[in-house]
Amino acid sequence: MTAPQPDEESGPYWAGLAERRLVIQACTSCGRRRFPRMPSCPWCGAEGGADVEADGTGTVYSWIGVARALTEEMTNEVPYCVATVDLDGGGRLQGRLEPPSAAAIGLRVGPRFVERDGWTELRFVPEGNR
Numbered sequence: 452m453t454a455p456q457p458d459e460e461s462g463p464y465w466a467g468l469a470e471r472r473l474v475i476q477a478c479t480s481c482g483r484r485r486f487p488r489m490p491s492c493p494w495c496g497a498e499g500g501a502d503v504e505a506d507g508t509g510t511v512y513s514w515i516g517v518a519r520a521l522t523e524e525m526t527n528e529v530p531y532c533v534a535t536v537d538l539d540g541g542g543r544l545q546g547r548l549e550p551p552s553a554a555a556i557g558l559r560v561g562p563r564f565v566e567r568d569g570w571t572e573l574r575f576v577p578e579g580n581r
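Numbering of the sequence shown is given in the working numbering, commencing with residue 452 and proceeding in unit increments.
Now the structure itself:
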């Protein structure tokens with residue numbers, strides 16, 4: 452799997468993962484949390500935001516199973532599942548769900564940090580399996 456190329460906006464997220472923390476952005480006006488980082492709040496329009504740490508627990512909103520590798524380097528990765536997770540406290544993001552067979556809308560999940568070659572990947576696992 453190709454390593455991500457952090458930029459000014461995504462840097463705090465990737466740096467947090469390297470420390471086994473989940474960093475997302477919160478509006479300093481209305482308090483709503485969002486991912487990815489944005490220059491202004493999509494709900495109230497306030498400019499900026501603050502980095503906050505989320506515990507990574509939440510509920511599966513949606514998911515998709517992947518059974519065919521899109522690239523040759525991904526051949527050993529299939530099958531896998533990517534879930535969209537509504538985080539407790541607000542915010543929504545995506546990550547692999549392990550095991551893929553656990554996928555279900557409404558499933559309670561928590562984070563798993565997977566060390567890759569020079570970067571850390573966020574995955575989700577059913578609560579109780581961390």
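Even glycine gets a Cβ: it sits at the ideal position worked out from N, Cα and C.
All values derive from a computational prediction rather than experimental measurement.
Worksheet item: Looking at T526 and A497, is the spacing between their C-beta atoms short of 8 Å?
Response: no
Worksheet item: Are there 16 or more other CB atoms within 10 angstroms of the CB of G462, so buried, or fewer, so exposed?
Response: exposed
Item to complete: Check each candidate in S513, C495 and R488 and name the one with the smallest Cα separation from Q545.
Response: S513
Worksheet item: Whose C-alpha, out of W465, C492 and V474, is nearest the C-alpha of L538?
Response: V474
Worksheet item: Is E566 helix, strand or coil by DSSP?
Response: strand
Practice prompt. Report the rounded CA-to-CA distance for W570 versus P530, giving the unit in angstroms.
Written response: 22 Å
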